[in-house]
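Single-structure report; data block below.
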Amino acid sequence: MIARLRSPHAVELFDFGVAADGAVYYVMELLDGLDADTLLRRYGPTPPERVIYLLRQLCHSRSEAQSCGLVHRDIKPANIFLCRYGEEFDFVKVLDFGIVGAVRDAADTSPVHTQEDAIHGTPAFMAPEQAMGTDVDGRADIYAAGCVAYWLLTGQLVFTAESAVGFLLQHAQAAPAPPSART
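Numbering (my numbering), first residue to last: 311 to 493.
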């Protein structure tokens with residue numbers, strides 16, 4: 311699916327296949343930089359102007375994927391890579407399209423989709439419908455991008471929990487504190 315994407319903000323895939331030993335492989339572009347998770351842990355909360363600049367690029371990638379009927383389902387800081395790209399810095403590349411799913415047509419009842427009751431993604435950044443295990447569309451990626459923005463701005467997750475189930479329940483049932491209350 312990633313091979314279909316042409317946005318400069320999606321990591322470029324050069325080749326993929328199955329090795330002689332049965333291992334699946336793919337060859338992607340080599341990137342110079344760091345992911346948004348490392349950025350925050352190293353330098354602390356990110357200024358709003360920089361967050362907006364990064365999110366616009368993330369949304370560019372997500373818009374193209376949505377137009378192809380794809381949902382990333384795991385937008386999180388570790389999958390947002392800020393790199394040097396030519397003479398540009400903070401050039402966003404979206405990584406880890408391993409659990410990308412095609413948006414399911416409501417009339418399609420075939421069993422060739424993500425396993426029922428399986429939750430894919432990172433609980434701290436999951437949309438409520440994803441946390442509840444229902445079908446998701448591009449709005450789940452938008453919600454996750456909002457969680458990433460919250461995290462970059464405040465240095466804190468939208469919700470805190472002791473377990474994955476705790477995160478899922480909070481995303482599905484709780485209202486978040488405004489970012490201004492967390493900075």
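Positions of the beta carbon are idealized from the N, C-alpha and C atoms, including for glycine.
Between residue i and residue j, is the Cβ-Cβ spacing less than 8 Å?
| i | j | result |
| --- | --- | --- |
| M436 | H382 | no |
| A329 | Y336 | no |
| L392 | G465 | no |
| P486 | F469 | yes |
| F477 | P438 | no |
| L479 | L350 | no |
| C378 | A455 | no |
| L323 | A375 | no |
Comparing C-alpha positions only, which one of the options sits nearest to residue i?
| i | options | result |
| --- | --- | --- |
| D345 | R394, S377, V337, I362 | R394 |
| F399 | G327, E472, L364 | L364 |
| P318 | V402, G431, A474 | V402 |
| L340 | G396, A333, R314, P358 | G396 |
| S371 | G448, V475, G327, A471 | G448 |
| I362 | E472, Y460, A471 | Y460 |
| H430 | I390, V475, A471 | V475 |
By Cβ distance, which residues of its chain are closer than 6 Å to residue i, with the 5 residues on each side in sequence left out?
| i | result |
| --- | --- |
| D347 | P387, A388 |
| D325 | V337 |
| R492 | T464, Q466 |
| T356 | L462 |
By Cβ distance below 7 Å, which residues in the same chain neighbour residue i in space, the five residues on each side in sequence not counted?
| i | result |
| --- | --- |
| G354 | G465 |
| M442 | A482 |
| I385 | F435, D451, A454, A455, V458 |
| A416 | At A416, the pLDDT of 41 sits below 50, so the modelled position is not reliable; the number obtained from the coordinates is stated separately. If we look at A416 and ignore the five residues flanking it on each side, it has no Cβ neighbours. |
| P522 | Nothing about residue 522 can be reported from this structure: the residues present for the chain run from 311 to 493 only. |
| A471 | F477, Q480 |
| G327 | Y335 |
How many whole angstroms separate the CB atoms of residue i and residue j, which I take to be in contact at a CB cut-off of 8 Å?
| i | j | result |
| --- | --- | --- |
| V321 | L405 | 5 Å |
Task: Sequence ranges, alpha helix (DSSP H) only - wholly within the stretch 434-491, length at least 4 - done: Complete alpha helix (DSSP H) runs here, min 4: 438-441, 448-464, 474-483.
Task: Every unbroken alpha helix (DSSP H) within the stretch 324-355, with a cutoff of 4 residues, ordered by chain - done: List check, alpha helix (DSSP H) in window: 346-353.
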